[in-house]
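Engineer: Questions regarding the structure given below will be posed in turn.
Chains as they are written, first to last, in UniProt numbering: chain A, 1 to 307; chain B, 1 to 433.
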């Protein structure tokens, strides 16, 4: 694609944009935390048996009528005849609320076979999984740094990891800001975004490496020019690739099941961020860093020649 | 036009589409689906704490850990384990949900079974009933053992036995020192298993248990597994057993499948629109990608969960990306003035390095997630990601390349337009540099 504008020259605006979202995310996160689902938070489990197959929408209405909202993944159907409704809520219920739900059950399902049974729930495996996921991503980051440092250069490795963590963080910030529910599917989405982000970044780095080898820039201006050129050379590929994966994510968001809507939402944000950060964050970071060490190197050689 | 090459190309296309269309339903059916996609069995256990005692925080942690280890030993993916409020008797309850109902009996048995091993220095026999009961506090219990018990055949008498090893060798040295020449009494779940006489001090900290019911390799392995899973700090009693639907919801899943299909059609159409015949070849390679991944999943008996599916979708993205990188490279080469045929060859070669580096990096991420992710969702994702990348390299790179080269060599089309190269491209290259 023909260069439309100089990406490297405008990089400070992109740094500021990402920085602003990050700061906003941290503030909201510090003030309100995440909107955790029952997957991660102690809550309640309400179970009751009907004389029919559990109607999804009507059960949700029933809880809505007493002021309780069932999360996207909060309703499971059990029993051989699929007539047992199992509802999990991310809050501890008061005796008053339990009584209200019971009344609502009688009203919505007069022929129900069973009164509601309420239990408190302490999630265990989900919390473990989330903790393991964080460790796994951090460990993966370290190993990626080592591989990229060997195959490319140490600066590429760090720039790539910053972009990766940037994407993970943007998604976390978006969920904190928009008060979207963080459930177990969110973990899968984060892992996917991390995988996409690093893959996308390396493709662009590969082109920069190749062009640097060909043109051998010896000052910062030339280096910026080479990187800008590499970014525009790979732009068609970047756009086409992110378009295909985004199409999948957006269609799954609008037409897929409600219970994976948080998952696909995280994917959409993460894919956009992943494509954006590879071009507008990772590469400029590399230029800035490489340029600085170039200047230093030059200063040293100048001094040496002056003496 | 070379008919031989064209025939070879058409044969490849026919083989891929034929095999996929013919066998994909069977392959799909043979893949086990996880709790979130298919549902499974819901087991509710009551925790039998000693009378008057309630579950302490550390006791609860230990219990949940022990249950998790047992569930994991079943080899099911991403179980759900929750601690629930008290039942009518005031006992705490643990709810375990595992995918599938095939192993229901086994699951019930493994989760609830306790292998409470205890070694005593003395025991009495009740004269009336003949029942043997231990005397005093145990010298050692299953908690003192390392989790590496295994079935062995005794070197001397050729009997089946379970090899055990103490966490602290000193403990076993002290016991054997004290009881040299005397019998010790090994109880399993309150029943006397064996009462061997200690012949000599054992300095290694390891030993073997045999006798009693441990006559078959199966019995020894079962005991070894139970010992390794760690004794449950409290006995559990099964309260209820219900089948549950997928946690993501049945209708939700059907809608997701339909949406996925629409997405695939759009991606296919997009590739054909942008890269024309080359895009069609990429689409056929994508079909092969999908089919081979499912085949590997079925062969490895990987349980497919939502996170696994997410990794497969990412794999589709990586496979599409590999084709896009290659085709963009081919366009670049044509801009540099190469002929169609040589551009296809050189473009493929140059793109390969990019693809290998980016995929190797992602593969490393997958491998590390596998190692550090423990059991469950993270590991499921990692496996699917690694499988996806390898299959994507095989199909989107090797297969797609073979088809493209064969097709180009056949000389059916000569215009670069068929490879998504616009007329302007060839003139553009002066302004590009």
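The C-beta atom is built at its ideal place from N, Cα and C for all residues, glycine as well.
Check the Cβ-Cβ distances between residue 363 of chain B and every residue of chain A, and say whether any is below 7 angstroms.
Structural biologist: Answer no: the Cβ-Cβ gap between residue 363 of chain B and chain A never drops below 7 angstroms.
Engineer: For residue 5 of chain A, which residues in chain B fall below 8 angstroms Cβ to Cβ?
Structural biologist: Neighbours of residue 5 of chain A on chain B: none; closest Cβ ~16 angstroms, over 8 angstroms.
Engineer: Against residue 147 of chain A, what residues of chain B qualify as contacts under a CB-to-CB distance less than 8 angstroms, listed in chain order?
Structural biologist: Near residue 147 of chain A (Cβ distances below 8 angstroms), the residues of chain B are 360, 361 and 364.
Engineer: Specify, as a first and last residue, the run of the alpha helix (DSSP H) that residue 500 of chain B falls within.
Structural biologist: Because residue 500 of chain B is not part of the residues shown, which for chain B are 1 to 433, the question remains open.
Engineer: Nearest to residue 193 of chain B by CA position, among B/170, B/253, B/118 and B/305, is which residue?
Structural biologist: Ranking the options by Cα distance to residue 193 of chain B, first place goes to B/118.
Engineer: Candidates B/171, B/225 and B/224: which alpha carbon is nearest residue 201 of chain B's?
Structural biologist: Residue 201 of chain B has its Cα closest to that of B/171, out of B/171, B/225 and B/224.
Engineer: Could you check what DSSP says for residue 49 of chain A in three-state terms: helix, strand or coil?
Structural biologist: Note: residue 49 of chain A maps to strand in three-state DSSP.
Engineer: In the stretch 228-248 of chain A, which residues sit with their C-beta less than 8 angstroms from some C-beta in chain B, listed in chain order?
Structural biologist: For the stretch 228-248 of chain A, which is checked against every Cβ of chain B, the residues closer than 8 angstroms are 233, 234, 236, 237, 240, 241, 243, 244, 245, 247 and 248.
Engineer: In chain order, what residues of the same chain lie with their CB nearer than 8 angstroms to the CB of residue 2 of chain B, ignoring the 5 residues before and after it?
Structural biologist: The answer, listed in chain order, is 409, 410 and 411.
Engineer: Looking at the structure shown, is residue 31 of chain B part of a helix, part of a strand, or coil, going by DSSP?
Structural biologist: Residue state, collapsed to three classes: coil.
Engineer: Taking 7 angstroms as the cut-off, decide whether the C-beta atoms of residue 164 of chain B and residue 179 of chain B are in contact.
Structural biologist: No; because the gap between Cβ atoms is not below 7 angstroms, this pair is not in contact.
Engineer: Against chain B, with Cβ distances strictly below 7 angstroms, would residue 213 of chain A count as a contact?
Structural biologist: It does not: the Cβ of residue 213 of chain A has no partner Cβ on chain B nearer than 7 angstroms.
Engineer: Contact check, residue 223 of chain B vs residue 214 of chain B under 8 angstroms by CB: the rounded distance?
Structural biologist: Sure, about 7 angstroms apart at Cβ, within 8 angstroms.
Engineer: Against residue 256 of chain B, what residues of chain A qualify as contacts under a CB-to-CB distance less than 8 angstroms, listed in chain order?
Structural biologist: Those are 252, 256, 257 and 260, listed as they occur along chain A.
Engineer: Pull up the distance between the alpha-carbon of residue 42 of chain A and that of residue 91 of chain A, whole angstroms please.
Structural biologist: Cα to Cα, residue 42 of chain A sits roughly 7 angstroms from residue 91 of chain A.
Engineer: 7 angstroms is my cut-off, CB to CB: does residue 111 of chain B come that close to chain A?
Structural biologist: So no, residue 111 of chain B is outside the interface.
Engineer: From this set, B/187, B/383, B/225 and B/157, which residue's C-alpha is nearest residue 149 of chain B's C-alpha?
Structural biologist: Checked all of B/187, B/383, B/225 and B/157; the closest Cα to residue 149 of chain B is B/225.
Engineer: With distances taken from CA atoms, which of A/105, A/200 and A/289 is nearest residue 64 of chain A?
Structural biologist: The candidate whose alpha carbon is nearest that of residue 64 of chain A is A/105.
Engineer: Sorted by chain position, which residues of the same chain lie with C-beta nearer than 8 angstroms to residue 216 of chain B's C-beta, five sequence neighbours on each side aside?
Structural biologist: Here the set comprises 160.
Engineer: So residue 362 of chain B packs on residue 318 of chain B, CB below 8 angstroms; how close in whole Å?
Structural biologist: Rounded, the Cβ-Cβ distance is 7 angstroms, consistent with contact.
Engineer: Determine the chain A residues that contact residue 353 of chain B at a beta-carbon separation under 9 angstroms, and present them in chain order.
Structural biologist: Near residue 353 of chain B (Cβ distances below 9 angstroms), the residues of chain A are 206 and 210.
Engineer: Verify the CB distance criterion: does residue 166 of chain B have a CB-CB separation below 7 angstroms to chain A?
Structural biologist: No, because no Cβ of chain A sits closer than 7 angstroms to the Cβ of residue 166 of chain B.
Engineer: Between the Cα of residue 39 of chain B and those of B/190, B/397, B/243 and B/407, spot the shortest distance and give me the residue it belongs to.
Structural biologist: Cα-wise, what sits closest to residue 39 of chain B is B/243.
Engineer: Roughly how many whole angstroms lie between the Cα atoms of residue 159 of chain A and residue 276 of chain B?
Structural biologist: For residue 159 of chain A and residue 276 of chain B, the distance between alpha carbons rounds to 36 angstroms.
Engineer: In three-state terms, what does DSSP make of residue 39 of chain A?
Structural biologist: Coil, per DSSP.
Engineer: Name the DSSP bridge partner or partners of residue 118 of chain B?
Structural biologist: Residue 118 of chain B pairs with B/141 and B/187.
Engineer: Pull up the distance between the alpha-carbon of residue 258 of chain B and that of residue 255 of chain A, whole angstroms please.
Structural biologist: Roughly 8 angstroms between the two C-alpha positions.
Engineer: Between the stretch 234-252 of chain B and chain A, which residues of the former have CB atoms less than 9 angstroms from a CB of the latter, in chain order?
Structural biologist: Cβ contacts with chain A come from 242, 243, 244, 245, 246, 247, 248, 249, 250, 251 and 252.
Engineer: What residues of chain B sit near residue 32 of chain A, judged by a beta carbon separation below 7 angstroms?
Structural biologist: Correct list: empty, because the minimum Cβ distance to chain B is about 25 angstroms.
Engineer: Among the residues of its own chain, which have a CB less than 8 angstroms from the CB of residue 5 of chain B, if the five just before and after it don't count?
Structural biologist: Cβ within range, chain order: 406, 407, 409, 410 and 411.
Engineer: Under the three-state reduction of DSSP, which class applies to residue 137 of chain A: helix, strand or coil?
Structural biologist: DSSP places residue 137 of chain A in helix when its eight states are reduced to three.
Engineer: Buried or exposed for residue 430 of chain B, going by 16 or more other Cβ atoms inside 10 Å?
Structural biologist: Only weak support is given to the placement of residue 430 of chain B: the predicted model assigns it a pLDDT of 41, under 50, and the value that follows is read from those uncertain coordinates. Classification for residue 430 of chain B: exposed.
Engineer: Excluding sequence positions up to five away, which residues of its chain have a Cβ less than 8 angstroms from the Cβ of residue 282 of chain A?
Structural biologist: Within the same chain, residue 282 of chain A has close Cβ partners 159, 160, 162, 163, 201, 204 and 205.
Engineer: With DSSP run on the structure shown, which of helix, strand or coil describes residue 45 of chain B?
Structural biologist: Strand.
Engineer: Consider the Cβ of residue 427 of chain B: report whether some Cβ of chain A lies at a distance smaller than 7 angstroms.
Structural biologist: Residue placement at residue 427 of chain B cannot be trusted, given a pLDDT of 49 that sits under 50; the coordinates are not used to answer.
Engineer: For the 8 angstroms Cβ check, are there 3 or more pairs between the stretch 397-404 of chain B and the stretch 342-362 of chain B?
Structural biologist: Judged by Cβ distances under 8 angstroms, the stretch 397-404 of chain B makes contact with the stretch 342-362 of chain B, as three or more pairs qualify.
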